[in-house]
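Student: Below are the structure tokens for one structure; questions will follow.
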């Protein structure tokens, strides 16, 4: 520890305080030059006093170890104590002040999404799920989902929305329980976080950038380089199947959840061609026949989309939990893939690559 | 059907056919799930929810309007229209439309006009008015409106006083405020006026130039002509006298004085 004490070295050079010149004028016209001069003087005085104080105080410079480049421990300079003091003060002052009543916090839809059991008409109303498009922009196929017209827009029936959403949640949890691969797609700006969160909860895949056309119909070309793996019933990877996986066809999702079907009509068409069930948020101007399970709701409100994606993600999470519970009890819910080489003893029973079994229709 | 593509809805049936034809060996993971949870009916048009009385025409050949969604109307709409017609500047007040949990109607009690969950606005007047009409005996709609309105005015005056006092307190402790909306408005008007003035001056100049260009002599030469000698003008007239037709005849398409 180096202690700099400047007094002994510089004592003979301590300057004397400068003589201050105070000019007081009671005249109505004040001379700006004298004011500036007096300001400069007082500034210089402050600086000189500051420098004197700094010279006299002991400044601790933490020594750095030449070999490890580590600074000295912080316990010796009081940082830890200061932090503890701060924490104690926070504990005292946090309960003080006003209590804010429960209110809408946007981030909670991403951090703590609602469960399918939490879906109520009030929640959907607050999330603006009932707001459709202008009456002139409607698709008459959706007439059954519409409650009425208000202020020039169609209002979607929330009881219909809730029923269809609960149905979609049952499908998602069922597919997750059977070990199916669920793809969550939401390509509008701002939908990326909820899509990733939902996919994470359901143990599936996400897509928030543009869908490359042909990813299913021309999968060998577009997704042929993607890494695939073999996992057991507990989702642990089983190594050693690289050669066999090269020969296998490219994976296709078992269920696709689309948060904006109007922009992703190409993907939904490909799913239709390949007999893949789809779930989609259908607004009053969208075509409900594009998806297997429509959810009539407002696709333009980010809050509504986050509620729906959150509920579907939670449903997937429940399905995954059920599957793992059954696997722990020794009951495998899916049909394991038959692979060529001899299986290792661990996890031999439940090998799966995700996707259906030997598909004669290779791409 | 021609224009419709039902493949997404027939996913389960397609897979069943593929399984039966041995095109695929094992059913996919979603097969039993989708089989048990059938998709809802599609392309069905049912009668629209009745929000208003439908006038049935005497001879109904096609019921086209029966399936069209109807406009939703409430008792409050008429009262809102009346209130905002009488108080148009209340529309200029900012309004928060975000809802917390959608249960605002459970938390409001219109036996008094001020609510914890809801800001004071024209809507509170309308709701209070309705409550008075339905809950106070022998209360006509006009009386209810007047009472609700007066309670509203009291609270708005209170707000104004609070705002004024807050401003005074703030100024006394050293706060300073920027230009008010009236000041900003005046500055914008002045700016626009100066712009218009410059434009108008330019237009006047251009008009004067155009007028000057219409006459051969121009403004200055006209003035000069008035000041010229009589003798000079007589001499000039004599020069062209044989080309100019005689007195008493109108020069219709007549002689043009060539220079």
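Protein chains in written order, with our numbering: chain V, 64 to 426; chain W, 1148 to 1406.
Positions of the beta carbon are idealized from the N, C-alpha and C atoms, including for glycine.
1. For residue 257 of chain V, which of helix, strand or coil comes out of DSSP?
2. Consider the Cβ of residue 84 of chain V: report whether some Cβ of chain W lies at a distance smaller than 8 Å.
3. Contact criterion: CB-CB distance below 8 Å. Does residue 1227 of chain W meet it with respect to chain V?
4. Residue 318 of chain V versus chain W: which residues are under 9 Å apart at the beta carbon?
5. Taking only beta carbons into account, state which residues of the region 235-252 of chain V come closer than 7 Å to chain W, listed in chain order.
6. Using only the alpha-carbon positions, how far apart do residue 86 of chain V and residue 101 of chain V sit?
7. Just by C-beta distance, which residues in the region 202-213 of chain V are closer than 8 Å to chain W?
8. On a Cα-Cα basis, can you pick out the residue from V:326, V:293, V:320 that is closest to residue 314 of chain V?
9. What's the C-alpha gap between residue 223 of chain V and residue 1185 of chain W?
10. Against chain W, with Cβ distances strictly below 8 Å, would residue 193 of chain V count as a contact?
11. Hey, how far is the Cα of residue 362 of chain V from the Cα of residue 1176 of chain W?
12. So for residue 401 of chain V, helix, strand or coil by DSSP?
13. Along chain W, in chain order, which residues have C-beta atoms closer than 7 Å to that of residue 185 of chain V?
14. Please state the DSSP three-state secondary structure of residue 289 of chain V.
15. State yes or no: is the C-beta of residue 245 of chain V within less than 8 Å of the C-beta of residue 211 of chain V?
16. Between residue 352 of chain V and chain W, is any beta-carbon pair separated by less than 8 Å?
17. How many whole angstroms separate the CB atoms of residue 146 of chain V and residue 241 of chain V, which I take to be in contact at a CB cut-off of 8 Å?
18. Check for me: the alpha helix (DSSP H) holding residue 1299 of chain W runs from which residue to which?
19. Secondary structure at residue 1387 of chain W, three-state DSSP: helix, strand or coil?
20. Alpha carbon to alpha carbon, how far is residue 319 of chain V from residue 248 of chain V? Give it in angstroms, no decimals.
21. To the nearest angstrom, report how far apart residue 1278 of chain W and residue 370 of chain V are at their CA atoms.
22. Taking 7 Å as the limit between beta carbons, can you name the residues of its chain near residue 1265 of chain W, skipping five residues before and five after?
23. What residues of chain V sit near residue 1235 of chain W, judged by a beta carbon separation below 9 Å?
24. Between the C-alpha atoms of residue 119 of chain V and residue 171 of chain V, what's the straight-line distance to the nearest angstrom?
25. So which residues of chain V does residue 1331 of chain W contact, with C-beta pairs closer than 8 Å?
26. With DSSP run on the structure shown, which of helix, strand or coil describes residue 356 of chain V?
27. Name the chain V residues whose beta carbon is nearer than 8 Å to that of residue 1256 of chain W?
28. Counting Cβ pairs closer than 8 Å, one from the region 333-343 of chain V and one from the region 186-193 of chain V, do we hit at least three?
29. Which one or two residues does DSSP pair with residue 247 of chain V in a beta bridge?
Tutor: Based on what the coordinates show:
1. helix
2. Low confidence applies to residue 84 of chain V: its pLDDT is 49, below 50, so where it sits in the model is not reliable enough to give any reading.
3. no
4. 1176, 1177, 1180, 1181
5. 237, 238, 241, 242, 243
6. No answer about residue 86 of chain V holds up, because its pLDDT of 49 lies below 50 and its placement is not dependable.
7. Identification of residues in the region 202-213 of chain V having a C-beta nearer than 8 Å to some C-beta of chain W yields 203, 204, 206, 207, 209, 210, 211, 212, 213, given in sequence order.
8. V:293
9. 16 Å
10. no
11. About 28 Å.
12. coil
13. 1248, 1249, 1250
14. It is coil, neither helix nor strand.
15. With a cutoff of 8 Å on beta-carbon distance, residue 245 of chain V and residue 211 of chain V are scored as not near each other.
16. yes
17. Not quite, the Cβ-Cβ distance comes to about 51 Å (not below 8 Å), so this is no contact.
18. Counting along the chain, the alpha helix (DSSP H) containing residue 1299 of chain W begins and ends at 1288-1319.
19. coil
20. 7 Å
21. 35 Å
22. Answer for residue 1265 of chain W: 1251, 1255, 1271, listed in chain order.
23. Correct list: empty, because the minimum Cβ distance to chain V is about 19 Å.
24. 53 Å
25. Result: empty, since nearest Cβ-Cβ is about 32 Å, beyond 8 Å.
26. In this structure, DSSP gives residue 356 of chain V an extended state, which the three-state scheme calls strand.
27. Near residue 1256 of chain W there are no residues of chain V at all, since even the closest Cβ is about 16 Å away, more than 8 Å.
28. No, the region 333-343 of chain V does not touch the region 186-193 of chain V.
29. V:269, V:320
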